[in-house]
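Enquirer:
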Amino acid sequence: MKHFKHLTKPYIVWSFVFVVIPLLLIALYAFTTGGNSVKILDFTLRNFVKFLEPTYISVFLKSIKLGLTTTSICLIMGYPLAYFISKFNDKAQDLLILGVTIPMWINLLLRTYAWLNLLADNGIINNLLSIFGISPITMMYTDFSVTLGMVCNFLPLMIIPIHTSLRKMDNSLIEAAYDLGANRIQTFRRIVLKLSMPGVLNGIIMVFLMSISTFVIPKLLGGGQYLLIGNLIESQFISVGDWNFGSAISLLLAIIILISMRLMKKIDPQDE
Amino acid sequence: MIAPEQAEGSPVYKYMNKLIEIRNLTKNFDDQQVLKGINLEIHENEFLTLLGPSGCGKTTTLRIIAGFEEPSDGEVLFDGIEISKLPPYKREVNTVFQKYALFPHMNVFDNVAFGLAVKKTEKSVVKQKVDRMLKLVGLTGFGNRDVTLLSGGQQQRVAIARALVNEPKVLLLDEPLGALDAKMRKEMQAELKNIQQEVGITFIYVTHDQEEALTMSDTVVVMNDGDIQQIGSPTDIYNEPENRFVAEFIGESNIIEGIMIEDFLVEFDGIRFECVDKGFEDNEEIEVVLRPEDLDIISPKKAAITGEVKSVTFKGVHYEILVETNTRVYMVHTTDYSEVGLKVGLSFGPEDIHVMYPMGSY
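Just so you know, the sequences run in chain order A and B. All residue numbers for the first sequence refer to our numbering, where the first residue is 2 and numbers rise by one. All residue numbers for the second sequence refer to our numbering, where the first residue is 14 and numbers rise by one.
#1: Tell me which same chain residues have a C-beta within less than 7 Å of the C-beta of residue 84(A), skipping the five on either side of it?
#2: Do residue 219(B) and residue 187(B) have their C-beta atoms within less than 7 Å of each other?
#3: Compute the Euclidean distance between the alpha carbons of residue 86(A) and residue 210(A), then round it to the nearest angstrom.
#4: In terms of residue numbering, what span does the beta strand (DSSP E) encompassing residue 224(B) cover?
#5: Quick one, which residues of the segment 73-103 of chain B are near chain A if we go by CB-CB under 8 Å, in chain order?
#6: Counting only Cβ-Cβ distances shorter than 9 Å, please list the residues of the segment 179-200 of chain A near chain B, keeping chain order.
#7: Find the residues of chain A that neighbour residue 315(B), judging by a C-beta separation of less than 9 Å, and give them in chain order.
#8: Three or more C-beta pairs closer than 8 Å, one from the segment 175-190 of chain A and one from the segment 199-210 of chain A: is that the case here?
#9: Terminal residues of the continuous alpha helix (DSSP H) containing residue 158(B)?
#10: First and last residue of the beta strand (DSSP E) that includes residue 360(B)?
#11: Please classify residue 65(A): does DSSP put it in a helix, a strand, or coil?
#12: Can a CB atom of chain B be found closer than 7 Å to the CB of residue 177(A)?
#13: Going straight from the alpha carbon of residue 9(A) to that of residue 137(B), what length do you get?
#14: Can you pull the chain B residues whose beta carbon is under 7 Å from the beta carbon of residue 171(A), in chain order?
#15: Just the Cα atoms here: how many angstroms apart are residue 389(B) and residue 367(B)?
#16: If you measure from the beta carbon of residue 132(B) to each beta carbon in chain A, is any gap under 7 Å?
#17: Buried or exposed: which applies to residue 359(B), given that a residue is buried once 16 or more other Cβ atoms fall within 10 Å of its Cβ?
#18: In three-state terms, what does DSSP make of residue 210(B)?
#19: Listed in chain order, which residues of the segment 172-194 of chain B have Cβ atoms closer than 8 Å to some Cβ of chain A?
#20: Look up residue 263(B) in the DSSP assignment and say whether it is helix, strand or coil.
#21: Give, in chain order, every residue of the segment 141-175 of chain A whose Cβ lies closer than 8 Å to some Cβ of chain B.
#22: To the nearest angstrom, how far is the alpha carbon of residue 142(A) from that of residue 65(A)?
#23: Under three-state DSSP, which class holds residue 54(B)?
#24: Can you tell me whether residue 293(B) is helix, strand or coil according to DSSP?
#25: Can you tell which of 292(B), 151(B), 179(B), 54(B) has the C-alpha that lies nearest to the C-alpha of residue 32(B)?
#26: Hey, is residue 128(B)'s beta-carbon within less than 7 Å of any beta-carbon in chain A?
#27: Does DSSP classify residue 74(B) as helix, strand or coil?
#28: In chain A, which residues lie less than 8 Å from residue 108(B) when you measure between Cβ atoms?
#29: For residue 160(A), write down the residues that DSSP places opposite it in a beta bridge.
#30: Cα separation between residue 390(B) and residue 95(B)?
#31: State the Cα-Cα distance for the pair residue 202(B) and residue 169(B), rounded to the nearest angstrom.
#32: Thinking just about the alpha-carbon of each residue, which of 66(B), 71(B), 52(B), 84(B) is nearest to the one in residue 43(B)?
#33: Which residues does DSSP pair with residue 346(B) in a beta bridge?
#34: Going by the DSSP bridge assignment, what does residue 9(A) pair with across the sheet?
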């Protein structure tokens, strides 16, 4: 084993160059002013103070709210789906999971664009409704369209980890629970659900992480005025050009995600 | 503690109260018939073992009794009531699984308490019962341990306690000692037997290990290929195998085709021997079982059957010696060493000859 250790060295260098250094740079930008000037480092907390302005705080809270909504919907839809899939034989399970992942092979942008045609005021859904004499419903550029877009894009991220934890569960544990007098509901609650908690937690973390930081979906389905924290960061880098403020928001977001992941891991699936 | 009436007598007849009756049970998986219509009675307090090679249907039989499989045809009567359609959680049986199937997210106490917890038993009663069970299996003080960190033998004990705490009428055990090492297995065999006698319920035990079956059981059911081959006490099964399969599966044996000349007289290898078997037709073709440990090597001058030592293998307690005669090779187990190539004679008494019907006609 010893001489294999040297083989990890290139990866350590690689991750240092491409992960650690950029992170340090973001931290450096967040605590300084003066854009790309690296000759004079003007340390300040101004970028963080700026974030406390009501406009930005409301964007932040909206992002959190939307992230939580998306995660909850994904969980409510994803768990039964994952459970249902895990009841099939191995071959069928592989096929169904493939079905779940196929949409992810298509570019996120395209997938999201497709909803535009469906949800627009003169889109397919409203056209169908008009056949029944229902006047057009505004669906685009609302919380509904953004949430819908996020749920559709991120649902596989919830299903896959939950399905994995359900699939690897030893069937004899379920038989043992029945054998000891637990009915179907008790068995599900006390055994299946508890043992699939690691998958549920991973799914929650993944979906929440993706939905809190996305900027493509709110931009396309929410319209130009629809600002989430991801759009805020994007605009600071791309259009406004305040890299320092953008870095500060990124850093805050990273810290918030880190804290929420910690909290999730703390939830002990073992206590009853 | 062995109850006095259990020390002697034929166990098949001493149990009066029939608890489970299996009638004409069949089970098909796809096109394959794994149970071909078996009939079996299981009594109160009986330690019954289903013994057979893998694929003989013994585990399927157990799973049907437990309720994990539904029979394709036939009946399972429990206390006279047909139960084969009942779900497992409505049956008065509990199972000890092959790989224990302990709940990994619960400690020892909660695993054992599971059956009581789902029945909403009062906490103080649960504690009392679980503690008593842990004591019975020798795990007092282990309540807070993580089950995944226990040794195989300890996990085994937790699984037994978890099943017994529900006070089932029947405990089903599916090759429970298979994952343990040889020494541990011996200890657990004795302990299982003790536990069974202490709690005084029926054990149905599935194994492919003939020694395990003979050591622990009151009744052994030998199965092969979806059929029951023989039901009897361990001594009956060993000493009076009903056919070639049973004789070969239970212990080692020399099986010789012969002719039953008349009651108490059998002929094989061209020589007539006195025996203790009767009830066959005169001149009926039969097979004779001679257990290797019943054969003795003596001087060729004194013996009816003589031959030459072909090989000698040291087996620990005894030597396994192959003696080639004019007609066949006999296997002999003896503690006395012989030289390869030595001319020897074989001796055995009338009670060592076990006559059975040949395979196929049974």
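Ideal Cβ placement from N, Cα and C applies to all residues, glycine included. Quick caveat: nothing in here was measured; it's all calculated off a predicted structure.
Expert: On the basis of the supplied data:
#1: In the first sequence, counting from the first residue as 1, residue 84(A) sits at position 83. So the qualifying residues of the chain are 167.
#2: Against the second sequence, residue 219(B) aligns to sequence position 206. Against the second sequence, residue 187(B) aligns to sequence position 174. Yes, Cβ-Cβ distance for residue 219(B) and residue 187(B) is below 7 Å.
#3: Residue 86(A) sits at position 85 when you count from the first residue of the first sequence. Residue 210(A) sits at position 209 when you count from the first residue of the first sequence. Each residue's Cα considered, the two are about 25 Å apart.
#4: Working through the second sequence from its first residue, we reach residue 224(B) at position 211. Annotation: residue 224(B) is outside any beta strand (DSSP E); the continuous alpha helix (DSSP H) that includes it extends over 223-229.
#5: Going along the segment 73-103 of chain B in chain order, one finds 79, 80, 81, 100, 101, 102 with a Cβ nearer than 8 Å to chain A.
#6: Within the segment 179-200 of chain A, the residues whose Cβ lies closer than 9 Å to any Cβ of chain B are, in chain order, 179, 180, 181, 182, 183, 184, 185, 187, 188, 191, 192, 195, 196, 198.
#7: As a working note, residue 315(B) is residue 302 in the second sequence. Result: empty, since nearest Cβ-Cβ is about 59 Å, beyond 9 Å.
#8: Flag = no, the segment 175-190 of chain A and the segment 199-210 of chain A do not touch.
#9: Taking the first residue of the second sequence as position 1, residue 158(B) is located at position 145. From DSSP, residue 158(B) is part of no alpha helix (DSSP H); its letter is neither H nor E.
#10: Residue 360(B) sits at position 347 when you count from the first residue of the second sequence. 356-360 is the extent of the beta strand (DSSP E) around residue 360(B).
#11: As a first step, residue 65(A) is located in the first sequence; it is residue number 64 there, counting from the start. Residue 65(A) falls in the helix class under three-state DSSP.
#12: By one-based count along the first sequence, residue 177(A) stands at place 176. Yes, residue 177(A) counts as interfacial toward chain B.
#13: For this step, residue 9(A) is matched to residue 8 along the first sequence. For this step, residue 137(B) is matched to residue 124 along the second sequence. Rounded to whole angstroms, the gap between the alpha carbons of residue 9(A) and residue 137(B) is 56 Å.
#14: What you label residue 171(A) is simply residue 170 of the first sequence in a count that begins at 1. What residue 171(A) touches in chain B: 114.
#15: The structure shown does not extend to residue 389(B), since chain B is modelled only from 14 to 375, so the question has no answer here.
#16: The sequence position of residue 132(B) within the second sequence is 119, counting from 1. For residue 132(B), the answer is yes, since a Cβ of chain A falls inside 7 Å of its Cβ.
#17: In the second sequence, counting from the first residue as 1, residue 359(B) sits at position 346. So residue 359(B) ends up on the buried side.
#18: Within the second sequence, the letter at position 197 stands for residue 210(B). Correct three-state label for residue 210(B): helix.
#19: Those residues of the segment 172-194 of chain B placed with their C-beta closer than 8 Å to a C-beta in chain A are 175, 176, 179, ordered along the chain.
#20: Locating residue 263(B) in the second sequence gives position 250, counting from the first residue. Residue 263(B): coil per DSSP, three-state reduction.
#21: Residues are counted here when their Cβ sits less than 8 Å from a Cβ of chain B; for the segment 141-175 of chain A these are 171, 173, 174, given in chain order.
#22: Position 141 of the first sequence, counted from the start, is the residue given in the question as residue 142(A). Position 64 of the first sequence, counted from the start, is the residue given in the question as residue 65(A). Distance from the CA of residue 142(A) to the CA of residue 65(A), rounded to the nearest whole angstrom, comes to 18 Å.
#23: Position 41 of the second sequence, counted from the first residue, corresponds to residue 54(B). Looking at residue 54(B) - three-state DSSP - the assignment turns out to be strand.
#24: Sequence index remark: in the second sequence, residue 293(B) carries index 280 (1-based). DSSP places residue 293(B) in the coil class of the three-state scheme, outside both helix and strand.
#25: By one-based count along the second sequence, residue 32(B) stands at place 19. The candidate whose alpha carbon is nearest that of residue 32(B) is 54(B).
#26: The residue given as residue 128(B) occupies position 115 in the second sequence. It does: the Cβ of residue 128(B) has a partner Cβ on chain A nearer than 7 Å.
#27: Position 61 of the second sequence, counting from 1, holds the residue named residue 74(B). If DSSP states are grouped into helix, strand and coil, residue 74(B) belongs with the helices.
#28: Position 95 of the second sequence, counted from the start, is the residue given in the question as residue 108(B). Those are 176, 177, 180, listed as they occur along chain A.
#29: By one-based count along the first sequence, residue 160(A) stands at place 159. According to DSSP, residue 160(A) bridges with nothing at all.
#30: One cannot answer for residue 390(B) here, as it falls past the ends of chain B, which runs 14 to 375.
#31: Stepping through the second sequence from its first residue, residue 202(B) is reached at position 189. Stepping through the second sequence from its first residue, residue 169(B) is reached at position 156. If I take the Cα positions, the gap works out to 12 Å.
#32: The sequence position of residue 43(B) within the second sequence is 30, counting from 1. Closest option to residue 43(B), Cα to Cα, is 84(B).
#33: By one-based count along the second sequence, residue 346(B) stands at place 333. By DSSP's assignment, residue 346(B) forms a beta bridge with 333(B).
#34: Here residue 9(A) corresponds to residue number 8 of the first sequence, with the count starting at 1. For residue 9(A), DSSP assigns no beta-bridge partner whatsoever.
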